[in-house]
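Numbering (the numbering used here), first residue to last: 49 to 439.
In structure tokens form, the structure reads like this:
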């Protein structure tokens, strides 16, 4: 009976996954091709003097000429060493006014307020984290997406760490799953993508009512907002930027607690609107159904597995427990092998690290379950500054 109950939960989860993946393309009308490419770059950079110079240098080395006066770095204090670095590049400083509002979304909102007040209008706005580095053709390739009529596009996230370990590799494989697998698949099917923090642009249409995304995961909130408001987005695999990944487990836990808490926060805010539009003639209906289902398939599968484990712990049937956990582990080993194969040209690893990662990454993925329970049991989760280990 315990096996049948687990099978029912897993079957419902698989059915929901099938429903997510058989949706037709969004009913997007003929996209308006764009020829105006006036853009700016926004960089939230609270005490990021250790890393920001490499980003600014990569901007100057772009194959598309970037006017330094169209780069805006958002800081909280003129005593921040970041200030002097930015001024040396003759780029703009936006000094935050309301420091009680700590989240990245508030910093970006103040930046857009600043641009509006100073009558600085652009066709599209790039957003980067201070520890990013751009490939020289990043902007060039993103402008291709913009000129094809996409309101939002995100690029490929590479890893810039000089020293890699299984933790930083597992972290970048998470983004590989989100972008190279999931977002790339969404784009091919004509669905909207899910943004992940940095390395994307917004057209001026998206922020005409200002940047009003203040949750812990303002990127996911922006993603749902774009779907509900008929904006279209895409994933550009050729637009490459590099991001630093944490080398210590504690930092990854802090990140994932925020991501999970923010995900739940955004779902609570938008779930009624998504539900309302499931049976409508909404242009982004396929993406609405996709996001309404969200993580439910995986939650149902997890519930089925947990019920099975609890019943068999009570019965002291440890053989069944070992068999199930071993099966799950080796399924995740197989997933890791696929991810490493997909990223073989982008993540250069020695044979030693490939073997270590194949056996460590399943444990890293499973630790999301612990992070989930910790996040729902923790009342206040806020942004925590990440120390940079790879200058």
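All C-beta atoms in this analysis are idealised placements derived from N, C-alpha and C, irrespective of residue type, glycine included.
Hey, which unbroken runs of the alpha helix (DSSP H) at 4 residues or more fall wholly within the segment 355 to 395? 366 to 390
Under 8 Å between the Cβ atoms of residue 204 and residue 90? no
In its own chain, which residues sit with a C-beta less than 7 Å from the C-beta of residue 314, not counting the 5 before and 5 after it? 263, 265, 268, 269, 272
How is residue 138 classed by DSSP in three states: helix, strand or coil? coil
Mind pulling the alpha helix (DSSP H) runs of 4 or more residues that sit fully within the segment 163 to 207? 186 to 195
Could you have a look at residue 301 and say whether DSSP puts it in helix, strand or coil? helix
Could you pull out every residue in the same chain whose Cβ sits closer than 6 Å to the Cβ of residue 318, ignoring the five residues on either side in sequence? 272
Measure the C-alpha to C-alpha separation of residue 384 and residue 402 and round it to an integer number of angstroms. 10 Å
Assigned exposure category for residue 67 - 16 Cβ within 10 Å defines buried: exposed
If we ignore side chains and look at the alpha-carbon of each, how far apart do residue 439 and residue 399 end up? Because the pLDDT at residue 439 is just 45, under 50, the model does not fix this residue reliably, and the value given afterwards should be weighed accordingly. In a straight line, the C-alpha of residue 439 is about 26 Å away from that of residue 399.
Return the Cβ separation of residue 250 and residue 172 in integer angstroms, given the expectation that the two are a contact with Cβ distance under 8 Å. 7 Å
In the structure shown, what three-state DSSP assignment does residue 279 receive? coil
Residue span of the beta strand (DSSP E) that contains residue 454, given as start and end: Residue 454 lies beyond the range of the chain shown here (49 to 439); nothing can be said about it.
Opening and closing residue of the beta strand (DSSP E) in which residue 91 lies: 87 to 92
How many angstroms separate the CA atom of residue 228 from the CA atom of residue 332? 22 Å
I need the straight-line Cα distance from residue 55 to residue 380, nearest angstrom please. 19 Å
Relative to the alpha-carbon of residue 132, which residue among 93, 153, 113 has its alpha-carbon at the smallest distance? 93
Exposed unless 16 or more other CB atoms sit within 10 angstroms - verdict on residue 430: exposed
When you compare the CB positions of residue 144 and residue 157, do they come within less than 8 Å of one another, or not? no
When you compare the CB positions of residue 155 and residue 200, do they come within less than 8 Å of one another, or not? no
Going by beta-carbon coordinates alone, are residue 460 and residue 142 separated by less than 8 Å? In the structure displayed, the chain extends from 49 to 439; residue 460 sits before or after that span and is not available.
Residue 289 to residue 186, Cα distance in whole Å? 7 Å
Of the listed residues 358, 230, 416, nearest to residue 282 (C-alpha basis): 230
Residue 219 to residue 304, Cα distance in whole Å? 10 Å
Note down, in chain order, each residue of its chain lying with its Cβ closer than 8 Å to the Cβ of residue 174, except the 5 sequence neighbours on either side. 87, 88, 89, 90, 187, 190, 248, 249
Can you tell me which of the three DSSP states residue 439 falls into? Unreliable placement is indicated for residue 439, whose pLDDT of 45 sits below 50; no coordinate value is reported for it.
Let me check understanding here. Comparing Cα to Cα, which of 362, 414, 392, 344 lies closest to residue 377? 414
What do you reckon, are the CB atoms on residue 160 and residue 258 nearer than 8 Å? yes
To the nearest angstrom, report how far apart residue 119 and residue 292 are at their CA atoms. 21 Å
DSSP three-state assignment for residue 273, whether helix, strand or coil: helix
Report the three-state DSSP secondary structure of residue 291 (helix, strand or coil). strand
Which of helix, strand or coil does DSSP assign to residue 424? helix
Cβ neighbours of residue 355 in the same chain (closer than 8 Å, five flanking residues each side left out): 50, 53, 54, 57
Which partner residues of residue 119 appear in the DSSP bridge assignment? 89
From what residue to what residue does the alpha helix (DSSP H) around residue 214 run? 214 to 223
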